[in-house]
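Notes to accompany the following structure.
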Amino acid sequence: MKILGMDSSGLVASVAVVEDGVLLAEYTTDYKKTHSQTLLPMLDEIKRMIDLDMGTIDAIATSAGPGSFTGLRIGAATVKGLGLALNKPIVEVSTLEGLAWNLWGTDRVVCPLMDARRNQVYTAAYEFVPTDKPVGKASVAGDETTQSEKSAELSLCTLIPQEAMDVVEMIEKLNALQRPVVFLGDGVPVYEGLIKTHCKVPYLFAPAGKNRQRAASVAALGAVYYAHGQKVTAAEHQPIYLRKSQAEREAEAKA
Amino acid sequence: MNECKQTSTEDVLILAIESSCDETAAAVVKNGREVLSNVIYSQIALHTVYGGVVPEIASRKHVEKINQVIESALEQAGVTLQEISAIAVTYGPGLVGALLVGVSEAKAISFATGIPLVGVHHISGHISANYIEHQELKPPFACLVASGGHSHLVVVKDYGQYEIIGRTRDDAAGEAFDKVARAIGLGYPGGPKIDKLSKEGNPDAIAFPRAKVAESEYDFSFSGLKSAVLNYLNSCQMKGEEVNQADVAASFQKAVIDVLVEHSIHAVKEFGFDKFAIAGGVASNASLRAALQEACDREGITFYHPSPALCTDNAAMIGAAGYYEFIKGVRHGYDLNAVPNLKLDEA
Chain A
0 MKILGMDSSG LVASVAVVED GVLLAEYTTD YKKTHSQTLL PMLDEIKRMI
50 DLDMGTIDAI ATSAGPGSFT GLRIGAATVK GLGLALNKPI VEVSTLEGLA
100 WNLWGTDRVV CPLMDARRNQ VYTAAYEFVP TDKPVGKASV AGDETTQSEK
150 SAELSLCTLI PQEAMDVVEM IEKLNALQRP VVFLGDGVPV YEGLIKTHCK
200 VPYLFAPAGK NRQRAASVAA LGAVYYAHGQ KVTAAEHQPI YLRKSQAERE
250 AEAKA
Chain B
0 MNECKQTSTE DVLILAIESS CDETAAAVVK NGREVLSNVI YSQIALHTVY
50 GGVVPEIASR KHVEKINQVI ESALEQAGVT LQEISAIAVT YGPGLVGALL
100 VGVSEAKAIS FATGIPLVGV HHISGHISAN YIEHQELKPP FACLVASGGH
150 SHLVVVKDYG QYEIIGRTRD DAAGEAFDKV ARAIGLGYPG GPKIDKLSKE
200 GNPDAIAFPR AKVAESEYDF SFSGLKSAVL NYLNSCQMKG EEVNQADVAA
250 SFQKAVIDVL VEHSIHAVKE FGFDKFAIAG GVASNASLRA ALQEACDREG
300 ITFYHPSPAL CTDNAAMIGA AGYYEFIKGV RHGYDLNAVP NLKLDEA
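As structure tokens, then:
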């Protein structure tokens, strides 16, 4: 199973190809160039580097939001165009879940914070929970052990559902959980001061390489979703904005 | 850029995509002149409650509808992507968020299929709508482009080669229509509503100004006219006089049309053309078309205009313009970006 992953939800532009549990290629940049100029040239680069035949891709996993409205739309229109041309399904991965997947295996509560301006963040809280699952592969001749062996799989479970909210309100919800937390995302440098002031539980900040969107995580988590049949058609796919447009919010406020 | 001129006689099929404002559109055009399909998803109803186009809402709707619109265009044309020679897409001018949807989609389809990509200027598309409607029309000719965002007098030197000789100094003609329509309570979009109401009014009832721009005989200015209408409405209100909306609409429209016609005919004669075309949303205004037809007949100028459906935003016109760019060898890369202020003579 070959999954193409893409993320353009924030400043990061990232593309990756994951096949059967192996990352074949990933190209990630966090640079002030519009995704319109980076995303496809980056995909073109890895396509050439790994001799990728686009027709062999099973599905396109995309960071579906929340995030920058424009970034999400560039990503959405790109994967919709690829899906239309290749006749492949889209696997929608929450940007926040994709970020959390970067920290696969941690015992801590994972809290991605994406800056949504004016002290607001797109955020959620997750934990990794082991679930026993039989090994799916058929036994290889002469290798009797694999069939009966059990392997633990980690599931990403939601503790606080994704929402656009005040950063201090989120920190108080995390305090109520009374568990150590690890923060990540582009909201961390913006709200570091508020975290230090308000966070009462032990906390860590994820390091470079794990603290921003990675298409490898989107593709890896997308592969799990795809295996569970979670996919949409390219025509159906739309970003998850978590917020209405300003004009709609103002109209509702007046009503 | 990749040079591969189309030298054979085989048909060139362009898949065109347009999303610069509030219409999500796709079309398949054969050899630049024959429309095999022309699909438009119009968002006008969505924006009417806000009194104008809301960019964020428009952009979201484009994402929602674009694949269905493209798939319908291919299906109605009875062709598959494999038969398409090139993908043409509007990359400016327009609302950046809206443009990016079409540009990103077009690039992705081009990338996945290897079909060449050609970026098209939106106004070049409007002008090229005339090639669809009038098979015999060839450059050079003069063209008036009037729409919600543009008022240009253009010399079409060759296919895709333009020289702007006159432009608006402030409001575009369509913008003036929208603002006046709002002021007299007609709502959005203003052009068709004013055109309709004008038929019941007296165009000579109120003397609104015909603005001239000093030292620039082909330029337009409509903000003074708009202010004159607003002042007239205010003074009526202060005096407690009842406003005859139809007379205001007819007199305003006449003032706009007089200036557009005068500048256009002046340009055609000065540049020595015998052909004149109009393009853009305002070109679907029935009174403007009638006035230009009459003036052209009087001066012995052949007058070209697209049917109203091809005047407003559509993708067939982008397919026509894209065809001429494609056969010239124009190709764009996967880094093509939306250019909200793209200039017609720099495209």
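Chains as they are written, first to last, in numbering that gives the first Met the number 0: chain A, 0 to 254; chain B, 0 to 346.
Cβ coordinates follow ideal geometry from the N, Cα and C atoms, glycine included.
In this text, all values refer to a predicted model and were calculated from it rather than measured experimentally.
The DSSP assignment places 285 to 298 as complete runs of the alpha helix (DSSP H) inside the stretch 248 to 303 of chain B, in order along the chain (cut-off: 4 residues).
Contacts with chain B at 8 Å (Cβ-Cβ) do not include G66 of chain A. Note that the C-beta distance between M164 of chain A and T122 of chain A is below 8 Å. Using a Cβ distance threshold of 8 Å, A75 of chain A and H236 of chain A count as a contacting pair.
One alpha carbon belongs to G50 of chain B, the other to E249 of chain A, and they sit about 14 Å apart. A check of alpha carbon separations from F251 of chain B across B:I264, B:I56 and B:N230 identifies B:N230 as the nearest. Under a 10 Å Cβ-count criterion, R47 of chain A is classified as exposed, with fewer than 16 other Cβ atoms of the shown protein chains found around its own Cβ. Within its own chain, the residues whose Cβ lies closer than 8 Å to the Cβ of I193 of chain B, once the five positions on either side in sequence are excluded, are F176, V179, A180, L185, A248, F251 and Q252, listed in chain order. S215 of chain B and A206 of chain B have their C-alpha atoms roughly 23 Å apart. Against chain A, the beta carbon of Q67 of chain B has neighbours under 8 Å at A234, listed in chain order. The C-beta distance from S7 of chain A to I73 of chain A rounds to 5 Å, short enough to fall under 8 Å. With contacts defined by Cβ atoms closer than 8 Å, Y125 of chain A and A99 of chain A form a contacting pair. Going by DSSP, F204 of chain A is part of no alpha helix (DSSP H) but of the beta strand (DSSP E) stretching over Y202 to F204.
For A26 of chain B, the uninterrupted beta strand (DSSP E) run begins and ends at E22 to K29, by DSSP. Runs of the alpha helix (DSSP H) lying entirely within the stretch 66 to 144 of chain B, each at least 4 residues long, are 95 to 112 and 121 to 132 in chain order.
Neighbours of G96 of chain B across chain A, judged by C-beta separation under 8 Å: F68, T69 and R72.
In summary, the residues of the stretch 102 to 127 of chain B whose CB is separated from some CB of chain A by less than 9 Å are V102, S103, E104, A105, K106, A107, I108, S109, F110, A111, T112 and I114, in the order they occur in the chain.
Boundaries of the beta strand (DSSP E) around C110 of chain A: V108 to D114. Leaving aside the five residues that flank P111 of chain A on each side, the residues in its chain whose CB is nearer than 7 Å to its CB run, in chain order, L95, L98, A99, T122, A123, L183 and G184.
Segment contact: the stretch 60 to 78 of chain B against the stretch 22 to 31 of chain B, three or more CB-CB distances shorter than 8 Å; contact assigned. Any Cβ of chain B closer than 8 Å to the Cβ of T28 of chain A would place that residue at the interface, and such an atom is absent. Across the stretch 83 to 101 of chain A, CB contacts with chain B closer than 7 Å involve L83, A84 and L85, in sequence order along the chain. Taking the beta carbon of M5 of chain A as reference, no residue of chain B falls within 8 Å; the closest one sits roughly 10 Å away. Listed in chain order, the beta strand (DSSP E) runs fully inside the stretch 172 to 237 of chain A are 180 to 183 and 202 to 204, counting runs of at least 3 residues. Nearest to Y240 of chain A by alpha-carbon distance, out of A:I2, A:R117 and A:G70, is A:G70. Chain A has a Cβ within less than 8 Å of the Cβ of S58 of chain B. Proximity of E251 of chain A to chain B, defined by a Cβ-Cβ separation below 8 Å, is not satisfied. Listed in chain order, the positions of the stretch 44 to 56 of chain A with a beta carbon within less than 8 Å of a beta carbon of chain B are M53.
A straight line joining the alpha-carbon of G64 of chain A with that of V231 of chain A spans about 15 Å.
In the same chain as V128 of chain A, and ignoring 5 residues on each side of it, the C-beta atoms closer than 6 Å to its own belong to S154 and C156, in chain order. Contact between I126 of chain B and A278 of chain B holds: CB atoms are separated by about 5 Å, below the 8 Å threshold.
Within the DSSP bridge table, the entry for F127 of chain A names A:L155 as partners.
Beyond the five residues adjoining it in sequence on each side, L45 of chain B comes within less than 7 Å, by CB distance, of I56 and K60 in the same chain, given in chain order.
For V338 of chain B, there is no enclosing alpha helix (DSSP H), as DSSP gives it neither H nor E. Listed as beta-bridge partners of M5 of chain A by DSSP are A:V14 and A:T61.
For a cut-off of 8 Å, the C-beta gap from V78 of chain A to I45 of chain A is around 15 Å, too long to register as a contact.
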